[in-house]
Every structure is written in C-alpha cells, then in structure tokens.
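For reference, the structure discussed in these notes is given below.
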Amino acid sequence: MKNYFKLAFISLGLLCMFSCEDEKENRIPEAATLSAPENAAIDQETKPTLTWVKSIDPDNDIVTYDVYVSETEEFVAEDLKGDNIDKNTFTLKTALKSHTKYFWKVVASDEDGASAESEVRYFTTKNSAPAISGLEFPANEATDVEKSISLKWTAADADGDVLKYTVYLSKENSFAEADIVASDILESEFAVDLDGHTQYFWKIVATDTEGATIESDVASFTTSNTLPSKAELTSPVNGFDQVSLSTKLVWSAATDADQDAVSYTVFYGTNEEINENYPYKKDFTETELTLSNLRGNTTYYWKVIAIDSEGGKTSSDVFSFSTINTIPTAPVLSSEIDELIVDEKLNVVINWSASIDPDKSRDSEGNLIPEPLVYDIYLSLDETIDESDLKQKDVSELSFTLEGLEFATKYFAKIVTRDPQSAKAESEIVEFTTKEKPNVIEGTWTDVRDGKEYKTITVAGKTWLAQNLAYIPYVQKSDDANKVCSVYGVDVTETTTAEDLKASDNFAKYGVMYSAYTLEDLAPEGWHVSTDADWKEISVFAGMSQAQADEIGKQYDYGSKFLDPNSDWFTGTEATNDFLFSAVPGGYYSKGKYSWMPPFSYKGSTMYTYFWTNSTNIDNVSYFYRAFNGTSNYIERNSNKQSVERMYVRLVKDSE
3 MKNYFKLAFI SLGLLCMFSC EDEKENRIPE AATLSAPENA AIDQETKPTL
53 TWVKSIDPDN DIVTYDVYVS ETEEFVAEDL KGDNIDKNTF TLKTALKSHT
103 KYFWKVVASD EDGASAESEV RYFTTKNSAP AISGLEFPAN EATDVEKSIS
153 LKWTAADADG DVLKYTVYLS KENSFAEADI VASDILESEF AVDLDGHTQY
203 FWKIVATDTE GATIESDVAS FTTSNTLPSK AELTSPVNGF DQVSLSTKLV
253 WSAATDADQD AVSYTVFYGT NEEINENYPY KKDFTETELT LSNLRGNTTY
303 YWKVIAIDSE GGKTSSDVFS FSTINTIPTA PVLSSEIDEL IVDEKLNVVI
353 NWSASIDPDK SRDSEGNLIP EPLVYDIYLS LDETIDESDL KQKDVSELSF
403 TLEGLEFATK YFAKIVTRDP QSAKAESEIV EFTTKEKPNV IEGTWTDVRD
453 GKEYKTITVA GKTWLAQNLA YIPYVQKSDD ANKVCSVYGV DVTETTTAED
503 LKASDNFAKY GVMYSAYTLE DLAPEGWHVS TDADWKEISV FAGMSQAQAD
553 EIGKQYDYGS KFLDPNSDWF TGTEATNDFL FSAVPGGYYS KGKYSWMPPF
603 SYKGSTMYTY FWTNSTNIDN VSYFYRAFNG TSNYIERNSN KQSVERMYVR
653 LVKDSE
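The numbering used here applies: residue 3 is where the sequence shown begins, and numbers increase by one.
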C-alpha cells in the first residue's frame, strides 16, 4: 500500500513538471556575427563565400540561417540568396555583377520561428576585364587592302564600363611604343593612311574605367599596290604641226608612293586608237626617246605608260603631233623628144622621170597610199621661165605632148612637181630645138632593069618609091621554088611568064608580090628594100611618137595618111594620103588557116596591103613587115618567118 502511494506521488510530480514546461516562453536566438568578407571589402568574387559566427540559442533550439544580398540597404524577398542554411557559411550559386557594391545580412531562426538579424555589411565585387571579340577589318591575312581604310574591331565590358582603346600598327610582327597610332579613343574604329603593297600587323588594347585591360590577338594584312603617277607628256606639244622627221619625245618622270622602280612603255603610230599590243619601246627607264625616219605630212599619236615593279600601270594622256611636209624629189626631164607633125605643126612629146615623195596619204577606206604627185609643164622661148610660161597644170602622167610648136625653133622646158600641200620641186631647164619643117618632094625614077618609071617622094631627106615595086625577077618555078613572085589573083604555074603577070589588070594597079626569099634580089644599085628603121622614120613623120613607132602591134589613126584616096580602098576613115605615099589595097598571099582552105591563096584586096622590110627580128629568122587596114585605120608593125607568103615592097634610095 505504501508503495502504491509512493508511485502515485511520482506520477503526479512528473505530470506537474511537464505541464509547467509547456507554458514556458521561447527565447530568440542571438544574432549571427558576420565575419567574411570584412565590411567594405573590395575586389570580391562575383560568387563570394559568405561566413559568420554561429548564433547561440538560449533555449538550445536548432538555429538555421537565411542569407540576403542586395544592391541596396533595403532588402526585399528577392534578395534572399540562401535559406534554411544549417552551417555558418554560404557560397552564392548565381554570380553577382562585377564591380558592384552589395549589402548583405544573415537572419538566424530557431525551430520555433524566432529570428534575429545580423548587422548589415557591404562589399564590392571585383572589376571584370573588358573583352575584345575580334579584329573585324581588315580580316586577318587579307590582301589588296586599300591604302586609306578604317581599322575596325568589337569589344565589350561586362560591367558596362566605358572602354578606351590603344591602336598598335607596325610593319613588323612586334610592337613598340612608336607603333601606337591612336590612344584613349572611344570609338571601335580608327582611320589610317597606309603605304602600298606593304604587310602590316596590328592589335588593340582595351582599357575600362577601372584600369582593367585586354589585348587582342595580332592580325596582319597586306595593302594593294600604289599605282605610279601619270607621266606628263611635254614635247612635242600636243597638236604641234611642224615637227621634224627626227624628233624627241619627252615626258616628266612618274613617281611611285611605294618607292617602287618605275619603267616606261612607249607607244606611237598613225592611228588615234593606240593598240597597246604593239609597243614601240618597253622597259624604258629614260624620260625622252628620239624617233627617226618619220613620214612627212603625217599625224602621229603617242602615249607613255608608267609601270612600277609590282606591275601597276598608269597611262598618260594621248598626244598628237604632225610632221612637216616632205618636199618631193625633183623630176628629171629627158633631153630626148619625140616630134610628130600634125596639120603642118609640130607636136613634141617630152618625158621625165617620176619624183619620189615618201609621204603617205589615206584613201577613202583609210588605207595608206603614196601621196599623189602632179606635174606642171613650163615652156619658154628663153631661159627665163616664169608663171606666164605655164602650159599645163596637174599632169599625172610622166609624159606630155606640147602641141603646135614651130619647126626649127629653140625651146626651153622644165617640169615642176607639186604634192597635195603644194610643196614644189623643179627639174633642171632642158633646151631642145625642133627639126626643120619637112618638105615632100615629088619626083620620078626609072628602073634601068626593065625601063619602068616610078613616082617618088622625098620625105625628111629620104627618097621612097611612091608606088609598089613591079620588077619581076622570077616567075616560073625553078630550082629555088621559094623565089616565085606573082600578081594578086594570078595563079602561077610552071608555064606562067612575066608577060602573063603584066597582062593582069592588078599588075598596073598593085604591082608585084614577093616572098621574103627574094628581098636581097629586088633592089638595083643605089637603092634598097625599105628597112624597119626606114618605116619607123616615116611613121614618126606621119605623126607617131617614137615609142609608138618602136612598138610591136597596131597603131590606130595613122593609116589613112598613107592611103591613096584614088584607089579602091574600102575604108571606115577617109584616106588623106598626106605625104603622097599612095598605098593601094593590094591584099596579100598567105597560107590558109584551116585544113579545108587552099594551102595558099590571095586575100584582102580593097581592105589590106602588106609590105616586107629587109630587116629581121632578133631571132634573125623572121622579117619585119608593115600592114595597113583601111577599115580600122591602123598600121601594124610585126614580123613573120621567112616563107613563100608574098607581100609588096617599097624601095628607098641609099643615102649619099
């Protein structure tokens, strides 16, 4: 029983004890004491570790901590950086701003929710260095960069600090203070003027307001080549038109900002559009160049291209100049003349050698052609020749016929050459005397061999038969059948006699026809068969020039002067028989051209007549002859092989 009361007493005591504790007041824990960082600390990390001295709770309650960090001394809920921390240290998980002042405190709380705030301290985070994200322009290792550019870069400061820049620019891959081209500039670009075709190295140093710096990488670039300056053409002056045929081109020296060596390529020509594929002089280092042997009266165009050692080119302007006119060489007037009698007056043909003019002109298509020259003809009766003696201007040939001159008269002639610019060159004065006026003297001559009488004419000192020879040395075919002679239209047989030939009407009308084999047998003493030279003389007397008389072939417009108008010529031009030569249309005897024709036959009476000469051609086989055609009014000089073909003959008296 005693024990029962004892146990009850103990239980009552315990109940009383616990009931009394529940009614006891909770006490606030002590405020935490901040330890690190120290108040007003600077250069703190942006994720600092905050420490404090643990709070003591008088009730021995468990204490936890809430950490507040703020940019102001007024804390708000968002400033809570860590809560329910059971340690006395806390490292921020989210970085704070750099170079910023922060306030912080710790709130200690017991498990019953009682709390106490620490003092408020502050610290400043350390400054963030600026960042250069890149050198933007020029790009690293860029080439052909212009010589005036702005260097550009990008940089930033996490703290928002104002940045200042120092720009280094060097021609070496190292930098010294002398390579600073700009300092403390606020813009992220800087204009520079550079040398041409040069490699540069550059970098940027950025500094914020707190003095933190960052240096960029080193970049390089190479500038483009600086073209040389333009060569200024100085001589000849542009457009000058009195330049000699040997002249000097002069220009000012080109300069090169890069100090490159400069050479010149020189162009010149007659085309305004200069073709640079065809330089006159390359790799030339002088500033003057002599041109020789230029054409006269020609416009030239020229220019100079300055070229530096890097291949940079600068062309000058194109200048022009014109050379002086070249005077043509003097013509040489021949002293030999050809005289032609026309209407009882003399026409005298003079000849000269061509003048030479090296100048050129252009035709309608722009092609270079020799400069055309013309000749002025002067003729005087004395050696004093002036403009009043001008007979003809602008002659383009090398001969001229002076018409209507007097016989047996002394004349003085000269030729003046003119080019299109009226430059003149004169020949020497040539003196000539015209021949005596020829008289045609009529006469007669009797051939003592057969007693036949012939009319004669004496022309220019020579006596000709004025009729065809009618002497018959051979008729019948003999041992030399080639020497048979005949009369036009008479068929000669072995029984034909001379009397048979004379009985033909054509004997009296035309005379006798001979083969070339008989020519040496036809002339009596004191006479000869007319030669080629005799015929040339009488042709000139008839009005031909000597050149015409010498030419092989037909000469028109002269035949009528030899033809007898009283004969039966079938003519297209009236026969005038000017000097009584009295040629009659006796035809000729020749071989047939075609197989169906007779081997030999008579042809061409009333239209033709042919005369042998006793002169051989250079082959010494063929004989010259003269043929007359009344219809076409020509005289033909030609030759034919010695054959049985038959022609007429005129005798000429031997000179005494």
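For glycine and all other residues, C-beta sits at the position ideal for the given N, C-alpha and C.
Straight-line Cα distance separating residue j from residue i
| i | j | result |
| --- | --- | --- |
| residue 218 | residue 136 | 7 Å |
| residue 542 | residue 343 | 8 Å |
| residue 392 | residue 550 | 27 Å |
| residue 298 | residue 338 | 33 Å |
| residue 389 | residue 419 | 14 Å |
| residue 243 | residue 326 | 7 Å |
| residue 71 | residue 96 | 11 Å |
| residue 363 | residue 539 | 44 Å |
| residue 176 | residue 274 | 53 Å |
| residue 107 | residue 120 | 6 Å |
| residue 123 | residue 38 | 10 Å |
| residue 98 | residue 41 | 17 Å |
| residue 164 | residue 188 | 8 Å |
| residue 206 | residue 129 | 20 Å |
| residue 553 | residue 624 | 16 Å |
| residue 241 | residue 423 | 18 Å |
| residue 257 | residue 312 | 14 Å |
Residue burial classification, residue i (beta-carbon count within 10 angstroms, cutoff 16)
| i | result |
| --- | --- |
| residue 510 | exposed |
| residue 604 | buried |
| residue 563 | buried |
| residue 50 | buried |
| residue 261 | exposed |
| residue 246 | exposed |
| residue 557 | buried |
| residue 513 | buried |
| residue 23 | In this prediction, residue 23 scores a pLDDT of 48, lower than 50, which makes its location untrustworthy; the coordinate-derived value is nonetheless stated afterwards. It is exposed - the Cβ of residue 23 has fewer than 16 other Cβ atoms within 10 Å. |
| residue 394 | exposed |
| residue 621 | exposed |
| residue 433 | exposed |
| residue 451 | exposed |
| residue 64 | exposed |
| residue 268 | buried |
| residue 239 | exposed |
Among the options, nearest to residue i - alpha-carbon criterion
| i | options | result |
| --- | --- | --- |
| residue 254 | 272, 288, 243, 187 | 288 |
| residue 559 | 631, 505, 138 | 631 |
| residue 67 | 34, 547, 356, 260 | 34 |
| residue 417 | 423, 410, 430, 407 | 430 |
| residue 565 | 547, 555, 585, 554 | 585 |
| residue 482 | 504, 517, 452 | 517 |
| residue 507 | 449, 442, 588, 578 | 588 |
| residue 184 | 170, 493, 174 | 170 |
| residue 407 | 87, 547, 381, 422 | 381 |
| residue 60 | 32, 87, 45 | 32 |
| residue 529 | 426, 151, 357, 616 | 616 |
| residue 412 | 348, 357, 359 | 348 |
| residue 421 | 454, 132, 374 | 374 |
| residue 224 | 454, 354, 146, 88 | 146 |
| residue 81 | 440, 491, 94 | 94 |
Whether residue i touches residue j by CB criterion (8 Å)
| i | j | result |
| --- | --- | --- |
| residue 612 | residue 636 | no |
| residue 105 | residue 74 | yes |
| residue 400 | residue 350 | no |
| residue 647 | residue 593 | yes |
| residue 627 | residue 609 | no |
| residue 331 | residue 293 | no |
| residue 203 | residue 172 | yes |
| residue 57 | residue 110 | yes |
| residue 378 | residue 414 | no |
| residue 159 | residue 114 | no |
| residue 456 | residue 467 | yes |
| residue 651 | residue 471 | yes |
| residue 315 | residue 251 | no |
| residue 329 | residue 427 | yes |
Cβ distance (whole Å) where residue i is taken to contact residue j below 8 Å
| i | j | result |
| --- | --- | --- |
| residue 266 | residue 233 | 7 Å |
| residue 69 | residue 92 | 5 Å |
| residue 195 | residue 149 | 6 Å |
| residue 447 | residue 531 | Not quite, the Cβ-Cβ distance comes to about 15 Å (not below 8 Å), so this is no contact. |
| residue 155 | residue 138 | 6 Å |
| residue 444 | residue 459 | 6 Å |
Proximity test, residue i beta-carbon vs the ligand ADP heavy atom, cut-off 7 Å
| i | result |
| --- | --- |
| residue 455 | The ligand content of the structure shown is nil, which means the ligand ADP is not present either. |
Contact with chain D by residue i, beta-carbon distance below 8 Å
| i | result |
| --- | --- |
| residue 196 | Here there is only one protein chain, and chain D is not present. |
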